[in-house]
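This report concerns only the one structure given below.
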Amino acid sequence: MKGILFVIPFLIYSCSFFSNIEKERALEKPVLLKTIELYYPKEALDNNIQGKVDLMIFVDTTGSVSDIKLIKSSGFKILDTAAINYSSKLKFLPIKEDGKKVARWIKWNVNYKIDEKPMEPEMINLFVFYKASDYVHESTETAIDMFCKLADNYKFRIDCSDDSTKINTENLKNYDLLVFLNTSGDILDEKGKRALMEFSKTGKGFVGIHSATATLEDWDWYCNFIGACFEDHPEIQDAVVKVVNKNHLSTKHLPDTFVWKDEWYNWKKLPENVEVLVTVDEKTYKGGKHGDFHPVSWCKEIDKFRIWYTALGHLPEHYTDQNFIKHIVGGIYWAANK
């Protein structure tokens, strides 16, 4: 299967294009209001056509793209046209200067690149566990449906259950990956806890989604295992998310920054000995407790056992968002290490 990558934009503040435009003061990078999946023309894919398109896009005071200039062609009209059409649909948070909304030209690069490495090297067996003894998420049903569809689209063999007795050593031997999906509360008895501890020594993998950190919160071993445990959260609201590691399988497709509506968890203690992938900017919402660095997705490896976690995923619509689905799929592939 061919994978598609694209390069996210960056600002420039002077070039020949601005010769008849007033000089602008340096601004922070515009923030995408909603992520949009890049369209790669089928004809270009079939013929292995690749290339980078350099554009200047004009972001008006509403955050919409109202004009586009082709600065440097990819050498292929089909890619140039696709890049322009894609970029015209982008929507940003309005850019502000001194408290006022302003319009700006920004440089936007679209890189059409085909990754020839197979994304599905071999079958991955997943056990998706969604037991909730505390808060039950409305999104869980949609999330389970998403996992069923993943089994159709990827080389995943997936079993889903909320039966705690299935967290046992013999059953877990059948799986490459254990997923805690919107779990909550004290969902495991002592036998289940021992099985999880034994599983963590197998060199396989674990994926935690959203309230997996609001699970077994009084068990220090588990909080250290997953990276952090939930303390509280403010009301659901929009915030700006920042990708701090673009080289990971779960984040390479995401914009550098984008707006996301979610339930923003505060942690009892910030995660330690993890590789942080995504943070949330506390200046863009109310109720954060961790200041300038607030992790919401991370990964870690312990004796060849891989753990990947995302705090995103409270709302049902998240599990039909293609970029969020790819975020999870990337986490699965990384944690399974296949």
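Be aware that the sequence shown starts at 1, since it is given in full-length UniProt numbering, and climbs by one per residue.
No residue lacks a Cβ here, since even glycine has one placed at the ideal position from N, Cα and C.
{"Query": "Residues in the same chain with beta-carbon distance under 6 Å from residue 23, minus the five sequence neighbours each way, listed in chain order, please.", "Result": "Residue placement at residue 23 cannot be trusted, given a pLDDT of 39 that sits under 50; what the coordinates show is reported in the next sentence. So the list is empty, once near-sequence residues are dropped."}
{"Query": "Tell me whether residue 85 sits in a helix, a strand or coil according to DSSP, three-state version.", "Result": "helix"}
{"Query": "At 3 residues or longer, what runs of the beta strand (DSSP E) sit wholly inside the segment 225-271?", "Result": "230-232, 237-243, 257-262"}
{"Query": "Look at the alpha carbon of residue 277 and the alpha carbon of residue 327, and state the distance between them as a whole number of angstroms.", "Result": "11 Å"}
{"Query": "Given residue 298, which residues of its chain have a CB within under 7 Å of its CB, disregarding the five upstream and five downstream residues?", "Result": "227, 271, 274, 275, 276, 277, 309"}
{"Query": "Return the CA-CA distance between residue 177 and residue 338, expressed in angstroms with no decimal places.", "Result": "11 Å"}
{"Query": "Could you tell me which of 58, 139, 167, 38 sits nearest to residue 127, measuring between CA atoms?", "Result": "167"}
{"Query": "Excluding sequence positions up to five away, which residues of its chain have a Cβ less than 7 Å from the Cβ of residue 300?", "Result": "227, 273, 274, 275, 307"}
{"Query": "Can you look up residue 328 in the DSSP assignment and give me helix, strand or coil?", "Result": "helix"}
{"Query": "For residue 191, which residues of its own chain have a beta-carbon under 7 Å away from its beta-carbon, when the five flanking residues on both sides are left out?", "Result": "168"}
{"Query": "Which class does residue 112 belong to by DSSP, given the choice of helix, strand or coil?", "Result": "strand"}
{"Query": "Provide the residue span of the alpha helix (DSSP H) that contains residue 149, from first to last.", "Result": "140-153"}
{"Query": "Three or more C-beta pairs under 8 Å: does that hold for the segment 285-292 against the segment 236-250?", "Result": "yes"}
{"Query": "Expressed to the nearest angstrom, what Euclidean distance is found between the alpha-carbon atoms of residue 171 and residue 123?", "Result": "18 Å"}
{"Query": "Taking only runs of the alpha helix (DSSP H) that begin and end inside the segment 168-233, which ones reach a length of at least 4 residues, in chain order?", "Result": "169-172, 190-199, 220-226"}
{"Query": "Buried or exposed, going by whether 16 or more other CB atoms sit within 10 Å of the CB of residue 21?", "Result": "For residue 21, the pLDDT reaches just 37, beneath the cut-off of 50, and the residue's location in the model is therefore unreliable, although a value from the coordinates is still provided. Counting Cβ neighbours within 10 Å, residue 21 comes out exposed, since fewer than 16 surround it."}
{"Query": "Go ahead and pull the three-state DSSP assignment for residue 164.", "Result": "helix"}
{"Query": "Using alpha carbons as the reference points, say which of 90, 45, 42, 39 lies closest to residue 60.", "Result": "90"}
{"Query": "Label residue 263 either buried or exposed according to how many other C-beta atoms from any shown protein chain fall within 10 Å of its C-beta, with 16 as the threshold for buried.", "Result": "buried"}
{"Query": "What is the rounded straight-line gap between the Cα of residue 245 and the Cα of residue 164?", "Result": "34 Å"}
{"Query": "By a C-beta neighbour count over all protein chains shown, 10 Å radius and 16 as the cutoff for buried, is residue 182 buried or exposed?", "Result": "buried"}
{"Query": "Can you check DSSP and say which residues form a bridge with residue 309?", "Result": "208, 298"}
{"Query": "Let me know the secondary structure DSSP gives residue 323 once reduced to three states.", "Result": "helix"}
{"Query": "Just checking residue 336 against the ligand MN - is the residue's beta carbon closer than 6 Å to any of the ligand's heavy atoms?", "Result": "No copy of the ligand MN appears in this structure; indeed no ligand is present at all."}
{"Query": "Check residue 132 in the structure and name its three-state DSSP category.", "Result": "strand"}
{"Query": "Can you tell me which of the three DSSP states residue 289 falls into?", "Result": "coil"}
{"Query": "Rounding to the nearest angstrom, what Cα-Cα distance links residue 69 and residue 261 in this structure?", "Result": "32 Å"}
{"Query": "Could you check what DSSP says for residue 33 in three-state terms: helix, strand or coil?", "Result": "coil"}
{"Query": "What span of residues does the alpha helix (DSSP H) with residue 45 cover, start to end?", "Result": "42-46"}
{"Query": "With H, G and I counted as helix, E and B as strand and the rest as coil, what does DSSP make of residue 275?", "Result": "strand"}
{"Query": "Can you name the start and end residues of the beta strand (DSSP E) that residue 304 belongs to?", "Result": "Neither: residue 304 is in no beta strand (DSSP E) and is coded neither H nor E."}
{"Query": "Taking Cβ to Cβ, would you say residue 87 is nearer than 7 Å to residue 108?", "Result": "yes"}
{"Query": "Tell me whether residue 106 sits in a helix, a strand or coil according to DSSP, three-state version.", "Result": "strand"}
{"Query": "Please state whether DSSP places residue 79 in a helix, a strand or coil.", "Result": "helix"}
{"Query": "Identify the continuous beta strand (DSSP E) that holds residue 418 and give its terminal residues.", "Result": "This structure cannot settle anything about residue 418, because the visible part of the chain is limited to 1 through 338."}
{"Query": "Rounded to the nearest angstrom, how far is the Cβ of residue 248 from that of residue 334, given a contact under 8 Å?", "Result": "7 Å"}
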